[in-house]
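Quick mapping for you: the protein sequence lines, in order, are chains A and B. The opening position of the first sequence corresponds to residue 2 in the numbering used here, with each subsequent residue numbered one higher. The opening position of the second sequence corresponds to residue 2 in the numbering used here, with each subsequent residue numbered one higher. In this text, a Cβ means the ideal position worked out from N, Cα and C, and glycines have one as well. The structure presented is a predicted model; accordingly, all values stated were derived computationally and were not measured.
Number of protein chains: 2
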Amino acid sequence: MATYQSDDGWNALGDPTRRAIVACLAERPRAVGELADELPISRPAVSQHLKVLKEAGLVTDHATGTRRVYRLNPAGVAALRDQLDTFWSRALDNYRDVAEQPAESANESPNEEFQ
Amino acid sequence: MATYQSDDGWNALGDPTRRAIVACLAERPRAVGELADELPISRPAVSQHLKVLKEAGLVTDHATGTRRVYRLNPAGVAALRDQLDTFWSRALDNYRDVAEQPAESANESPNEEFQ
DNA sequence: ACGAACGGTAAGCTACGACTTACCGAGCAC
DNA sequence: GTGCTCGGTAAGTCGTAGCTTACCGTTCGT
Numbered sequence: 002m003a004t005y006q007s008d009d010g011w012n013a014l015g016d017p018t019r020r021a022i023v024a025c026l027a028e029r030p031r032a033v034g035e036l037a038d039e040l041p042i043s044r045p046a047v048s049q050h051l052k053v054l055k056e057a058g059l060v061t062d063h064a065t066g067t068r069r070v071y072r073l074n075p076a077g078v079a080a081l082r083d084q085l086d087t088f089w090s091r092a093l094d095n096y097r098d099v100a101e102q103p104a105e106s107a108n109e110s111p112n113e114e115f116q
Numbered sequence: 002m003a004t005y006q007s008d009d010g011w012n013a014l015g016d017p018t019r020r021a022i023v024a025c026l027a028e029r030p031r032a033v034g035e036l037a038d039e040l041p042i043s044r045p046a047v048s049q050h051l052k053v054l055k056e057a058g059l060v061t062d063h064a065t066g067t068r069r070v071y072r073l074n075p076a077g078v079a080a081l082r083d084q085l086d087t088f089w090s091r092a093l094d095n096y097r098d099v100a101e102q103p104a105e106s107a108n109e110s111p112n113e114e115f116q
């Protein structure tokens with residue numbers, strides 16, 4: 002369960018409107034209509050965005066009467082953050098070797114993949 | 002100087018090809034042609050993606066003769082990660098209050114709107 | 001029961017982004 | 001110098017993401 006395809010997560014956050022929705026939901030849970038009131042788009046558009054965010058595991062929804070309350074899913078956000086952490090630390094590790102290499106060395110050697 | 006518009010960063014990572022480029026660069030710095038060899042797109046396409054990534058502050062470039070080596074910019078990655086951290090912690094903080102105090106200001110429905 | 005509120009879905013339009021080929025300038029080797 | 005490699009840019013095509021309006025089912029209040 003909860004194997005969030007992080008790929009979908011990045012795609013979901015790639016849209017500024019969806020980031021606005023995420024920011025709204027970070028403050029407090031909201032119903033669809035509430036979100037639509039605070040955003041310059043129609044309610045169906047919000048609904049479509051929420052569907053994408055839900056499939057990406059970034060939000061969860063909960064029906065209450067006719068209302069449907071969406072809230073941020075911290076686990077989904079944490080998954081993306083962890084992936085960024087991986088990129089970050091991996092880059093630092095792998096670059097440490099070549100960091101001091103002035104080089105560009107380029108070494109004239111026909112084989113160099115670095116710098 | 003680190004005034005990376007994080008908004009551009011999200012947009013940049015919203016494209017799967019650009020994420021592939023970032024993953025490639027996390028391993029080691031690469032020239033444009035090298036990246037194009039490992040990706041199923043043409044070299045000009047890679048060049049255009051690198052431009053977006055560079056403007057987002059996620060990569061830096063460095064000319065070496067006719068080659069132009071791109072490398073991941075840890076600061077840009079960290080900026081995005083920090084923003085995710087903010088979302089994450091803010092959601093946790095705000096939801097904790099709400100979880101124990103069901104009363105919503107706008108709506109007096111005293112029942113479970115949450116979880 | 002009826003009607004209103006809430007929200008998800010369908011259909012359609014439009015705009016933008018990702019890719020291509022073609023072209024250009026800049027460095028290095030000879 | 002000439003020629004070759006590398007890479008950025010221009011111009012153009014095409015797919016798709018995001019938005020709209022219209023419609024429908026569900027749920028609650030009366």
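Thr65 (chain A) sits in a strand when the DSSP states are folded into three classes. Of the candidates B:Trp11, B:Gly77, B:Pro75, B:Asn95, the residue whose Cα lies closest to the Cα of Pro75 (chain A) is B:Asn95. Within the same chain, no residue comes within 8 Å of Ala92 (chain B) by CB-CB distance, once the 5 residues on both sides are set aside. Secondary structure note for Ala37 (chain A): its alpha helix (DSSP H) is the uninterrupted segment 33 to 39. For the pair Leu54 (chain A) and Leu81 (chain A), the Cα-to-Cα distance works out to about 13 Å. In the three-state DSSP reduction, Arg72 (chain A) falls in the strand class (E or B). Taking 7 Å as the cut-off, the Cβ atoms of Arg19 (chain A) and Ala13 (chain A) count as close. Using a Cβ-Cβ cut-off of 7 Å, Asp86 (chain A) is close to Arg82 of chain B, given in chain order. Assignment of beta-bridge partners to Val60 (chain A) by DSSP yields A:Leu73.
Annotation: the continuous alpha helix (DSSP H) that includes Ile22 (chain A) extends over 17 to 28. At a cut-off of 7 Å, the C-beta of Leu54 (chain B) has no neighbouring C-beta in chain A. Using a CB distance below 8 Å, the part of the stretch 11 to 41 of chain B facing chain A consists of Trp11, Asn12, Leu14, Gly15, Asp16, Pro17, Arg20, Val23, Ala24, Leu26, Ala27, Glu28, Arg29, Pro30, Arg31, Glu35, ordered along the chain. Against chain B, the beta carbon of Ala79 (chain A) has neighbours under 7 Å at Trp89, listed in chain order. At a cut-off of 7 Å between beta carbons, Pro45 (chain B) makes no contact with chain A. At a cut-off of 7 Å between beta carbons, Leu59 (chain B) makes no contact with chain A. Within chain A, not a single residue places a beta-carbon under 8 Å from that of Leu51 (chain B); the smallest gap is close to 16 Å. Inter-residue distance for His50 (chain B) and Arg31 (chain B) is about 14 Å (C-alpha atoms, whole angstroms). Between Val47 (chain B) and Ala57 (chain B), the CB-CB gap reaches or exceeds 7 Å.
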